[in-house]
Amino acid sequence: MIGRRGWVSLASVAAMLLLWFVVTTATGLVSPGRFPSPADFWQSLSQIATRGYAGGALANHAFHSLRLVVLGFLVAIATGVPLGLWMGWSRRAEAAINPIFLIIRPIPPLAWIPLAILWLGLGDAAKIMVIWFAAFVPSVINSFAGVRSIDRPIIEAARMLGTPRWRLISEVIAPAASPMIFTGLRLSLQAAWTTLVAAELVGALVGIGFVLNMAQQDIYPGMILVGMVTVGVLGWATTMLLGRVERRALAWNVAGRD
Amino acid sequence: MGSIRFDKVDKVFGPRGSGVKALDDINLEIGEKEFVAIVGPSGCGKTTCLRMVAGFEPPSAGTVSVNGKAVTRPGPDRAVVFQQFALFPWKTVRENIELGLRNKNLPKSERDGLVAGALKLMNLESHAGAFPHQLSGGMQQRVAIARAYVLDPEVLLMDEPFGALDAQTRVVMQEELVRLARVNPRTVLFITHAVEEAVYLADRVAIMTRRPGRIKEVLDIRSVREAENWDRLQKIEDVMDLESFVHLRTQIWKSLREEKGAHGV
């Protein structure tokens, strides 16, 4: 099942692991105080997985973070995709919303953290809000661009067939824009993971961000790396899952596939 | 039911006054169940004529009416077959054909019967579950024609429907369309730049001038076809060999060539 490109990817990962071993353990080029060796990493991983760290086992922290990302992402696409479709479809909606959007967009999602805490306190709600803001923007922009890139004859054909407004949106506009919408979803998911750790650095008592925060205070490089790798693995797994949904939803779109 | 009328129609693109005049005083009547082809040099506005009947573009002056009623918007009484097919790629062949019937709120049992009939008419029965990208260009255009025919429209608007097909497929589709037009005649406005196609398919051919497009002359093909009994011949190349066909084709060519005039070709 592994093709030629698959082997290249595997070899690349293996080479990176080997390099890591060589510079930290075999040659001692990098001291363990600066970057953990594979053995440190393994020891930290087994500690947090079995006995726990920062108030919980790895599975607890990971589950909590995953939940925040998924909720923030879902709220972002449930609001961002319809808004983007609407702006794409209606020039008037674009004229009304775009100026506001252009001013809000350059504000880094993390700059919303103080306000989010002021409004919603230190609990999960504030973190979900920050993730939502971060993931919202790519969903809006790509859904908007998706509608604007639809070939005119497709819409004319639907109107010629007497398609009523709601069906036009759900059965023509949305599917025609869906390759771009999925591009937006992938970027949104990425933005959600990128924002997670920062959101969890403030006032969290559980989660990967909290683990990273504690490990920094304990000067514990092995655990810092465990936290980082956990985010990487979870991000990769959710992106894979989204890719699977996309391939299924866009089975008709032969041009968009490899 | 099913007449089209252009009455003193002008079309200007761009701002009024400084825009480009695309059509100038178009007057044309297409009768019930008549097949009229418009030919003309590219950019003469022939496609714009069709788009106004479809309701995609309003005329700048004059009226375009169907059955005596001015056209204001697109609708299933005026089915369009586009040059680039314009199928919905995320819908199967069956779903593409069925959409217009669902929009008419027909019950499922009735829709199934009509879709089955359209699939059979266009020889698409074995492809009902396929997606458009799995079909050849000719097959895709069959689906588009089936999607239009199944609506039982009063008029059928065809905008260079075979222009994107290869030569062999085009011939097959032209023969098929003649078969359809004879079995199930309806009012057709057909846009093309292929003179032979126009003479082969149409009852009348309207020749347009260069921009701003005007109707230069309208040739009666039907009386010649019936007098010479073209329909006895099955194959398009046999019809094209007939002296009466060659005569009409040459007449249209000469008329078009005058239009190209100084620009040659």
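Chains as they are written, first to last, in my numbering: chain C, -10 to 247; chain E, 480 to 744.
Even for Gly, the Cβ is constructed at its ideal location relative to N, Cα and C.
In this text, all values refer to a predicted model and were calculated from it rather than measured experimentally.
Determine the chain E residues that contact residue i at a beta-carbon separation under 7 Å, and present them in chain order.
i: C/P142; result: F561, Q563, A565
i: C/P164; result: W569
Around the Cβ of residue i, are there at least 16 other Cβ atoms within 10 angstroms (buried) or fewer (exposed)?
i: C/A4; result: exposed
i: C/D247; result: Because C/D247 carries a pLDDT of 40, less than 50, the predicted location of this residue cannot be relied on, and the following value inherits that uncertainty. Exposed.
i: E/E639; result: buried
i: C/E189; result: buried
i: C/W(-4); result: exposed
i: C/R80; result: exposed
i: C/G232; result: exposed
i: C/T184; result: buried
i: E/M480; result: exposed
i: C/L150; result: buried
i: C/S(-2); result: exposed
i: C/W155; result: exposed
i: E/E676; result: buried
i: C/E235; result: buried
i: E/S588; result: exposed
i: E/R711; result: exposed
i: C/T152; result: buried
Measuring only between beta-carbons, confirm whether residue i sits less than 8 Å from chain C.
i: E/K583; result: yes
i: E/A549; result: no
i: E/G579; result: yes
i: E/H612; result: yes
i: E/F535; result: yes
i: E/A643; result: no
i: E/G743; result: The pLDDT assigned to E/G743 is 45, lower than 50, so where the model puts this residue is not dependable; a value taken from the coordinates is nonetheless given after this. No, because no Cβ of chain C sits closer than 8 Å to the Cβ of E/G743.
Please decide whether residue i counts as near chain E, where near means a Cβ-Cβ distance under 8 Å.
i: C/T184; result: no
i: C/A146; result: yes
i: C/V161; result: yes
i: C/W155; result: no
i: C/W241; result: yes
i: C/G245; result: In this predicted model, C/G245 has a pLDDT of only 48, less than 50, meaning its place in the structure is not dependable; the value taken from the coordinates is given anyway. Cβ-Cβ to chain E under 8 Å: no for C/G245.
Going along chain D in order, which residues have a C-beta closer than 8 Å to the C-beta of residue i?
i: C/G216; result: Absent here is chain D; the protein component of the structure consists of chains C and E.
Counting only the same chain and skipping the five closest in sequence on each side, list residues whose C-beta sits under 6 Å from that of residue i.
i: C/L258; result: One cannot answer for residue 258 of chain C here, as it falls past the ends of chain C, which runs -10 to 247.
i: E/T648; result: G617
i: E/P664; result: K512
i: E/S544; result: R484
i: E/K500; result: V491, P691
Could you name the residues of chain C that residue i contacts, counting a contact when the two beta carbons are closer than 8 Å?
i: E/P555; result: M149, L150, G151
Can you list, in chain order, the residues of its chain whose CB lies under 8 Å from that of residue i, leaving out five sequence neighbours each side?
i: E/L735; result: V518, G519, P520, V674, I686
i: E/K714; result: E654
i: E/F564; result: P611, G616, Q619, Q620, V622, A623, A643
At a CB-CB cut-off below 9 Å, which residues of chain C make contact with residue i?
i: E/A558; result: M149, L150
Can you pull the chain E neighbours of residue i, defined as C-beta to C-beta under 8 Å?
i: C/N131; result: Under the 8 Å cutoff, chain E gives no residues; its nearest Cβ is about 18 Å from C/N131.
Apart from the five residues just before and just after residue i, which ones in its own chain have a Cβ nearer than 7 Å to its Cβ?
i: E/P632; result: P555, D556, R557, A558
i: C/G211; result: P25, D29, F30, Q32, S33
i: C/T256; result: Only positions -10 to 247 of chain C appear in the structure, and residue 256 of chain C is not among them; the question remains open.
i: C/F10; result: P27
i: E/V744; result: Per-residue confidence for E/V744 stands at a pLDDT of 43, beneath the threshold of 50, marking its modelled position as unreliable; the derived number appears in the next sentence. Correct list: empty, nothing qualifies.
i: C/L174; result: I66, S128, L231
i: E/H606; result: V572, L614, M618
Within 7 Å: the Cβ of residue i and any heavy atom of the ligand FAD?
i: E/L636; result: Within the structure as shown, the ligand FAD is missing, as the structure has no ligands at all.
Point to revise | chain E contacts from the region 179 to 205 of chain C (Cβ-Cβ distance under 8 Å) | key: If the cut-off is 8 Å between Cβ atoms, the region 179 to 205 of chain C has nothing near chain E.
Review point. Along the region 77 to 107 of chain C, what residues have a CB closer than 9 Å to any CB found in chain E?
Key: none
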